[in-house]
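Step one of this worksheet: look at the structure below.
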Amino acid sequence: MMRYLPHTAEDITAMLATVGANSLEDLFAAIPEGCRRKGEMDLPEPLTEWELNRHMEGLARENAVSPEFKIYMGAGSYDHFIPAIVPYLAGRSEVYTAYTPYQPEISQGTLQAIFEYQTLVCRLLGLEVANASMYDGASALAEALLMAIRINRRRRVAVSKAIHPLYRRVVETYFRPTGFEIVEIPYLKNGRTDLSAIAGSGELAAVAVQSPNFFGCIEELNAAEAAIHADPKTLFITAFSEPLAYGLLKSPGSMGADIACGEGQSFGIPRSFGGPGLGMFASRMQYVRNMPGRLIGQTRDVDGKRGYVLTLATREQHIRREKATSNICSNQGLCATMSVMYMASVGGTGIRELAALNRDKAEYLKNAFAQAGFSLPFTAPTFNEFVVKFPAGFDAIYRRLLEKKIVAGLPLAPYYPELSNHYLFCVTETSSREDLDQLVKEVRA
Amino acid sequence: MNPSVGATGLIFNEPLLWEKGARGRCGFSLPRRDVAAAPLNESLQGEGPDFPDLSELEVTRHFTRLSQWNFGVESGMYPLGSCTMKYNPKTNDRQAALPGMAGIHPLLPIELSQGALQLIYDLERYLAEITGMDAVSVQPAAGSQGELAGMLIFSAYHQSLGRPRTKVLIPDTAHGTNPASAALCGFKAVPVKSNEQGVLSPEVVADLMDEDTAGIMITNPNTLGIFEENIRQVAEIVHARGGLVYGDGANMNAIMGIVNLKAIGVDVMHLNLHKTFSTPHGGGGPGSGPVCVVEKLAPFLPVPRVVKKDETYRLVEDMPQSIGKLHAFYGNFGIQVRAYSYILSLGALLKKVSQFAVLSANYIKARLKGVYHLAYDQPCMHECVFSDKLLEPYKISTLDVAKRLMEMGFHPPTIYFPLVVHGAIMIEPTESESKEDLDHFIDAMIRIAEEAREHPDKLHAAPTVTKVRRLDETGAARNPCLSGR
Numbered sequence: 016m017m018r019y020l021p022h023t024a025e026d027i028t029a030m031l032a033t034v035g036a037n038s039l040e041d042l043f044a045a046i047p048e049g050c051r052r053k054g055e056m057d058l059p060e061p062l063t064e065w066e067l068n069r070h071m072e073g074l075a076r077e078n079a080v081s082p083e084f085k086i087y088m089g090a091g092s093y094d095h096f097i098p099a100i101v102p103y104l105a106g107r108s109e110v111y112t113a114y115t116p117y118q119p120e121i122s123q124g125t126l127q128a129i130f131e132y133q134t135l136v137c138r139l140l141g142l143e144v145a146n147a148s149m150y151d152g153a154s155a156l157a158e159a160l161l162m163a164i165r166i167n168r169r170r171r172v173a174v175s176k177a178i179h180p181l182y183r184r185v186v187e188t189y190f191r192p193t194g195f196e197i198v199e200i201p202y203l204k205n206g207r208t209d210l211s212a213i214a215g216s217g218e219l220a221a222v223a224v225q226s227p228n229f230f231g232c233i234e235e236l237n238a239a240e241a242a243i244h245a246d247p248k249t250l251f252i253t254a255f256s257e258p259l260a261y262g263l264l265k266s267p268g269s270m271g272a273d274i275a276c277g278e279g280q281s282f283g284i285p286r287s288f289g290g291p292g293l294g295m296f297a298s299r300m301q302y303v304r305n306m307p308g309r310l311i312g313q314t315r316d317v318d319g320k321r322g323y324v325l326t327l328a329t330r331e332q333h334i335r336r337e338k339a340t341s342n343i344c345s346n347q348g349l350c351a352t353m354s355v356m357y358m359a360s361v362g363g364t365g366i367r368e369l370a371a372l373n374r375d376k377a378e379y380l381k382n383a384f385a386q387a388g389f390s391l392p393f394t395a396p397t398f399n400e401f402v403v404k405f406p407a408g409f410d411a412i413y414r415r416l417l418e419k420k421i422v423a424g425l426p427l428a429p430y431y432p433e434l435s436n437h438y439l440f441c442v443t444e445t446s447s448r449e450d451l452d453q454l455v456k457e458v459r460a
Numbered sequence: 132m133n134p135s136v137g138a139t140g141l142i143f144n145e146p147l148l149w150e151k152g153a154r155g156r157c158g159f160s161l162p163r164r165d166v167a168a169a170p171l172n173e174s175l176q177g178e179g180p181d182f183p184d185l186s187e188l189e190v191t192r193h194f195t196r197l198s199q200w201n202f203g204v205e206s207g208m209y210p211l212g213s214c215t216m217k218y219n220p221k222t223n224d225r226q227a228a229l230p231g232m233a234g235i236h237p238l239l240p241i242e243l244s245q246g247a248l249q250l251i252y253d254l255e256r257y258l259a260e261i262t263g264m265d266a267v268s269v270q271p272a273a274g275s276q277g278e279l280a281g282m283l284i285f286s287a288y289h290q291s292l293g294r295p296r297t298k299v300l301i302p303d304t305a306h307g308t309n310p311a312s313a314a315l316c317g318f319k320a321v322p323v324k325s326n327e328q329g330v331l332s333p334e335v336v337a338d339l340m341d342e343d344t345a346g347i348m349i350t351n352p353n354t355l356g357i358f359e360e361n362i363r364q365v366a367e368i369v370h371a372r373g374g375l376v377y378g379d380g381a382n383m384n385a386i387m388g389i390v391n392l393k394a395i396g397v398d399v400m401h402l403n404l405h406k407t408f409s410t411p412h413g414g415g416g417p418g419s420g421p422v423c424v425v426e427k428l429a430p431f432l433p434v435p436r437v438v439k440k441d442e443t444y445r446l447v448e449d450m451p452q453s454i455g456k457l458h459a460f461y462g463n464f465g466i467q468v469r470a471y472s473y474i475l476s477l478g479a480l481l482k483k484v485s486q487f488a489v490l491s492a493n494y495i496k497a498r499l500k501g502v503y504h505l506a507y508d509q510p511c512m513h514e515c516v517f518s519d520k521l522l523e524p525y526k527i528s529t530l531d532v533a534k535r536l537m538e539m540g541f542h543p544p545t546i547y548f549p550l551v552v553h554g555a556i557m558i559e560p561t562e563s564e565s566k567e568d569l570d571h572f573i574d575a576m577i578r579i580a581e582e583a584r585e586h587p588d589k590l591h592a593a594p595t596v597t598k599v600r601r602l603d604e605t606g607a608a609r610n611p612c613l614s615g616r
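Line order of the protein sequences matches chains A and B. Numbered according to my numbering, the first sequence spans residues 16 to 460. Numbered according to my numbering, the second sequence spans residues 132 to 616.
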């Protein structure tokens, strides 16, 4: 007997009799012979719960994770403390095992939580409307660019080269069959986007920059806004991979962004080899009807009680079919729920302190590297990531440190061939000062 | 008659987050500050977001109360058609939460993530074996992104032959995501009418299929819960004119170990790990939508691919014909871990899963036939579709039935879909429910049909015992309030 399958021999006999079939095989009589599988599936012998535990623990041991390893790597996936209440509350089965809240009367928990998520994302990003989530930061950026094209019907977008290189590759995938054009905007010596390149790029549907950008540098969003809105029809898109930065920095909306989108993994979601994460997506209210993804709205029931429903569904594929604003259907609902639990735990006072702590620790390491004589090529201010340039031959030291269970940043050369010997470091609240001192000592040795 | 499964009990009112708390509280254990403050240029600094300040108990009580307003699979039977709301085994969550799984950074050197890469590699092999397809990528983050991957492969394939095509055939029974995914790739969706038996006719497809059509998207079993028995002839017609066949695997729970998708002519398909492979639906994701292809389309799969060479798992980027990347990293790995755990727990018993899912749907169909109108009286697979036609004389609609079911302790089936059935009630019980629970559900449906005749007002007023009653959805759309003040 398998514990997930309740059917006893008596049940099967009785049910087959009701149906009027002689055997389980009979139920599939409508399937022509030529469509059938020959022989049984060749899959491993089923494991007991206890055997599965042992097998999975074995696989898990083959992966390097903190605290055994010291991993100074961010690049779109961040090591932040997750309060015990987040997985506990998100694991409550009424939330965890429900689906899309099509029946609002018995889904108010999901609906209110996502409404609260939308609201806190709006407050974080300084914009008026946020959707119920996208798959990840990368597809959120692709969808933001397509949304801009729907709004102003132009065919070309510009994307900063300082945007996460893997996000840009996802954008290329989404754009390939459309015929729309992507122009790349170079970055400056200081690590920021070269805004002067926007003017010569022709008629643009949108310009996207990331802040903090892939190099960790904080972009001058006010200057970007002025350069981009020099053409009032062009939309200003701000991407991000580290939302915690907005605990400290001015929000994209307050700096004139039309759409802000990015990855929300930092807010209570484990790294989990890069997914599931959370595509955060917000815009100005005037563009809501062109927005992809689900939206929760507040309304009243027949007795006048406050409640929440899925709304503006006429943008969506189950009604609009091929004219929908996107094909997105299931999103990252549970991750959005986890992130609102996290935002509520940290709170307004806490997020400020936590963000400051991330920056301060990163600055501590940055200064320690500088004092040790290493080069910091990008001079723009940073949040919790920054780039260090090591002398040629550092890769041997990098490998030696791996053996000591230290991952000394992310080598940038695979993503930016011009940046050989450049490494992207990340420091969060999870690193102690002793850890950082030890890292610098090892790198110098 | 059994007493109703639904009962009433005490739940709590709970305000919105920002209507609670007081400035200066914090529900988070702020880490020790062991470095000096490093001032940041004033011009870059903001005020910080206006989040409420709450204690840990305030947060915990808030979300506990909210959860009590929800209905999940563990609350009761959730026969939402096309969504496969089966039991989500807890052991799968345990495995995904292991520190060596939940804590992995995606860009580690491959020698530090061999366990994760092996898991992806093996999961892709198992999914290939289950479907009969040749190669799989688990990168798409949900079913609709799997569909997008499939349509990108259609586009790239025809492009590679130097003959781009502009249209895709989509049956009228298809999920709305199908035409939307095709449109994202610049294809015009051409609707195909299903016949009186609720399936595709080869003749209709033959009339529409031309040299400008990239292929066809077919859900099989279709959304009426019927196996597309002409699928092979349809596939032959499409293939003969140079097209490809896409299989929407949303309904794979009906045919594991029974149908070979490659043998029926499918070239590309997606799976929904959150449906067939038991991963939790999470109130709307995260899902996972692996894309599976035949050999000749393997070069088009998303990169990176996980390959095994010299007993080491590697990530391969060098695939010039690949459609590219769909996700920043490798898709929803945490969901893949759960599906992998499920497959290892069942092995070839997955065939039993499908047999029992189909048995349960046919059992419901047999017992409710005549009580509700059966739109297509055919042998069904894992779901059956009724309608409200017999209740029309009493002015009772599908919506009323759905709302009354809640009071009786059941999540309603999918309603008003598929669109080809007016007032559709689409029931998918899954293999998880015991015969007794199916009987409770059937009894409730029969009782509602009786009430429709005797106490129609009771149905119109339902639900009355839920946290809120029927909500003003029109008003919500007309004057959108999408965030709180």
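Ideal Cβ placement from N, Cα and C applies to all residues, glycine included.
Whole angstroms is fine: what's the gap from L425(A)'s alpha carbon to P98(A)'s?
27 Å
Rounded to a whole number of angstroms, what is the C-alpha to C-alpha distance between H401(B) and V422(B)?
4 Å
Between which two residues does the beta strand (DSSP E) carrying A275(A) extend?
Taken as a continuous stretch (DSSP letters only), the beta strand (DSSP E) holding A275(A) covers I274 to E278.
Determine the closest residue to P295(B) out of G373(B), D224(B), V336(B) and E367(B), with distance taken between C-alpha atoms.
G373(B)
According to the Cβ coordinates, are P106(B) and S419(B) closer than 8 Å?
This structure leaves residue 106(B) out entirely; chain B is present only between 132 and 616.
Please look up how many angstroms separate the CB atoms of G308(A) and S341(A), rounded, as I've assumed it's under 8 Å.
6 Å
Should M557(B) be flagged as near chain A, meaning a C-beta pair shorter than 8 Å?
no
Evaluate contact between the region 231 to 243 of chain B and the region 135 to 142 of chain A, counting only Cβ atoms and requiring at least three cross-stretch pairs below 8 Å.
No: fewer than three Cβ pairs fall under 8 Å.
How big is the Cα-Cα spacing for A155(A) and H591(B)?
41 Å
Could you confirm whether any beta carbon from chain A is found closer than 8 Å to the beta carbon of T139(B)?
No, T139(B) lies away from the interface with chain A (no Cβ there is under 8 Å from its Cβ).
Starting from I302(B), trace the beta strand (DSSP E) in both directions and tell me its first and last residue.
It should be noted that the sequence gives Pro, not Ile, for residue 302(B). P302(B) -> beta strand (DSSP E) spans K298 to P302.
By the criterion of Cβ-Cβ separation under 8 Å, what are the contact partners of D273(A) in chain B?
Those within 8 Å of D273(A) in chain B number zero; the least Cβ separation is about 16 Å.
Quick one: is D603(B) near chain A, going by C-beta distance under 8 Å?
yes
Measuring only the C-alpha atoms, how far is A381(B) from T407(B)?
8 Å
Tell me which residue opens and which closes the alpha helix (DSSP H) that D568(B) is part of.
K566 to E585
Could you check whether the region 360 to 379 of chain A touches the region 294 to 308 of chain A, counting it as contact only if at least three pairs of C-beta atoms, one from each stretch, sit closer than 8 Å?
no
Among the residues of its own chain, which have a CB less than 6 Å from the CB of R192(B), if the five just before and after it don't count?
none
Taking C-alpha atoms, which residue in L550(B), L147(B) and T222(B) lies nearest to Y19(A)?
T222(B)
Taking a contact to mean a Cβ-Cβ separation below 8 Å, would you say Y357(A) touches G283(A) in this structure?
yes
Taking DSSP as the reference, what is the three-state secondary structure of N228(A)?
coil
Assuming K482(B) and M557(B) form a contact by the criterion Cβ under 8 Å, report the distance between their Cβ atoms to the nearest whole angstrom.
In fact, because the Cβ distance is near 24 Å, the residues do not count as touching under 8 Å.
So with CB distances below 9 Å, who are the chain B contacts of Q133(A)?
L613, S614 and G615
List the residues of chain A that E205(B) touches, going by C-beta distances under 9 Å, in chain order.
S108, E109, Y111 and T112
Hey, how far is the Cα of E538(B) from the Cα of T597(B)?
7 Å
Quick one: what does DSSP say H557(B) is sitting in, helix, strand or coil?
In the sequence on display, residue 557(B) carries Met and not His. In this structure, M557(B) counts as strand in the three-state DSSP scheme.
Tell me R321(A)'s beta-bridge partners as DSSP assigns them.
R315(A)
The region 375 to 393 of chain A: which residues have C-beta closer than 7 Å to a C-beta of chain B, in chain order?
For the region 375 to 393 of chain A, which is checked against every Cβ of chain B, the residues closer than 7 Å are D375, K376, E378 and Y379.
Per the contact definition of three or more C-beta pairs closer than 8 Å, is the region 512 to 530 of chain B in contact with the region 563 to 583 of chain B?
The region 563 to 583 of chain B is in contact with the region 512 to 530 of chain B.
Closer than 8 Å, CB to CB, is K439(B) near chain A or not?
no
Taking a cut of 7 Å between CB atoms, which residues from the region 224 to 238 of chain A lie near chain B?
Along the region 224 to 238 of chain A, going in chain order, the ones with a CB nearer than 7 Å to a CB of chain B are I233.
Does chain B have any CB closer than 8 Å to the CB of P406(A)?
no
Under 8 Å, Cβ to Cβ, is there at least one residue of chain A near Q486(B)?
yes
Just the C-alpha distance for I368(B) and K566(B), rounded to the nearest angstrom, thanks.
42 Å
DSSP three-state call for M232(B): helix, strand or coil?
Helix, per DSSP.
Please state if the CB of A497(B) and the CB of L355(B) are separated by a distance shorter than 8 Å.
no
Using the beta-carbon of each residue, which ones in chain B are nearer than 8 Å to K320(A)?
V599 and R600
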